[in-house]
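Numbering (the UniProt record's numbering), first residue to last: 1 to 186. Here is the structure we will look at.
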Amino acid sequence: MRIIIFGPPGAGKGTQANLISEEYDIPHLSTGEIFRSAIKNETSLGKEVKAILDAGDLVPDEKVVGLVEEELKDDKYSDGYILDGFPRTVPQAEAYDAILDKKGKTLDAFLQLVVPEEELIDRILSRGEGRSDDSPEKIKNRLAVYREETAPVLNHYKKQDAVETIDGVGSIEEIFEIIKETLNSK
């Protein structure tokens, strides 16, 4: 099963992706985790990404696509995976479609987590990760960047009839139950 979990910052993508990974025994590929690890380890990628994220911007498409394509070559992804934080732009989505086409694979589900903006801001401020972009102003900028650059990805996958909309408000368990019902009906 190949799944994309999609939504704005603070929607719960990482939390739900981890639960899906455990439930369906597929790896969770989070571009955010890869970037955070690189930043923590102060690699050249990490330093470059930190400067971009500190400004509240998105990492360039070609860098993200190359990173994901390289990672997906690992055999552990051959039976499926859940993508979290990718694709974030239409060019990334088109590049991902090409990656799947080359392998003769298809996307099984595109799960869109929907959460009101005020709830997103509250969640991000309360999660306490200590990210340099977790101030109200930077969060609003990230949400604006999301709406402008990332939301069009939704339309890309709607055209493929792949989008499943999930209400992202409720307990972690309630949301996960909805996701399982959705995936099990595919």
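Just so you know, even glycine gets a beta-carbon here, dropped at the ideal spot from N, CA and C.
Residue 185 by DSSP, collapsed to three states: which one? In this structure, residue 185 counts as coil in the three-state DSSP scheme.
For residue 145 and residue 137, the rounded distance between their alpha carbons: Cα atoms of residue 137 and residue 145: separation of roughly 12 Å, rounded to the nearest angstrom.
Between the beta-carbon of residue 61 and the beta-carbon of residue 89, is there less than 8 Å? Yes, they are a contact pair.
Residue 1 beta carbon less than 8 Å from that of residue 108: At the C-beta level, residue 108 and residue 1 come within 8 Å of one another.
Suppose the cutoff is 7 Å on Cβ atoms and the five residues either side in sequence are ignored; what does the same chain contact list for residue 163 look like? Counting only residues of its own chain and dropping the five nearest sequence neighbours on each side, residue 163 has a CB closer than 7 Å to the CB of 110, 112, 154, 157.
Residue 71 and residue 125 closer than 8 Å at C-beta: Not in contact: residue 71 and residue 125 (Cβ atoms no closer than 8 Å).
Cβ-Cβ distance between residue 161 and residue 114 below 8 Å: The beta carbons of residue 161 and residue 114 sit no closer together than 8 Å.
Tell me the residue span of the beta strand (DSSP E) that contains residue 163. Per DSSP, residue 163 is one residue of the beta strand (DSSP E) stretching across 163-167.
Own chain residues within Cβ distance below 6 Å of residue 142, not counting five before or after: 9, 56, listed in sequence order.
Going by C-alpha to C-alpha distance, which of 91, 80, 26 sits closest to residue 150? Nearest C-alpha to residue 150: 91.
For residue 49, which residues from the same chain have a beta carbon less than 7 Å from its beta carbon, with the 5 sequence-adjacent residues on both sides left out? Only 35, 38, 39, 59 meet the Cβ criterion.
What separation, rounded to the nearest whole angstrom, lies between the Cα atoms of residue 121 and residue 135? Near 9 Å, if we compare the C-alpha coordinates of residue 135 and residue 121.
Can you find a C-beta in chain B that's less than 8 Å from the C-beta of residue 141? The structure shown contains no chain B; it is built from a single protein chain.
According to DSSP, residues forming a beta bridge with residue 84: According to DSSP, residue 84 bridges with 5, 30.
Can you name the start and end residues of the beta strand (DSSP E) that residue 51 belongs to? Per DSSP, residue 51 lies in no beta strand (DSSP E); the unbroken alpha helix (DSSP H) holding it starts and ends at 44-54.
Boundaries (first-last residue) of the alpha helix (DSSP H) holding residue 114: No alpha helix (DSSP H) holds residue 114; the beta strand (DSSP E) holding it covers 109-114.
With a cut-off of 8 Å on the beta carbons, I'd call residue 139 and residue 16 a contact; round off their distance for me. Not confirmed; about 20 Å, so no contact.
Please report the residue range of the alpha helix (DSSP H) in which residue 96 lies. Element bounds for residue 96: 90-103.
Would you kindly work out how many angstroms separate the C-alpha atoms of residue 18 and residue 63, rounded to a whole number? Per the coordinates, the alpha-carbon of residue 18 lies some 24 Å from the alpha-carbon of residue 63.
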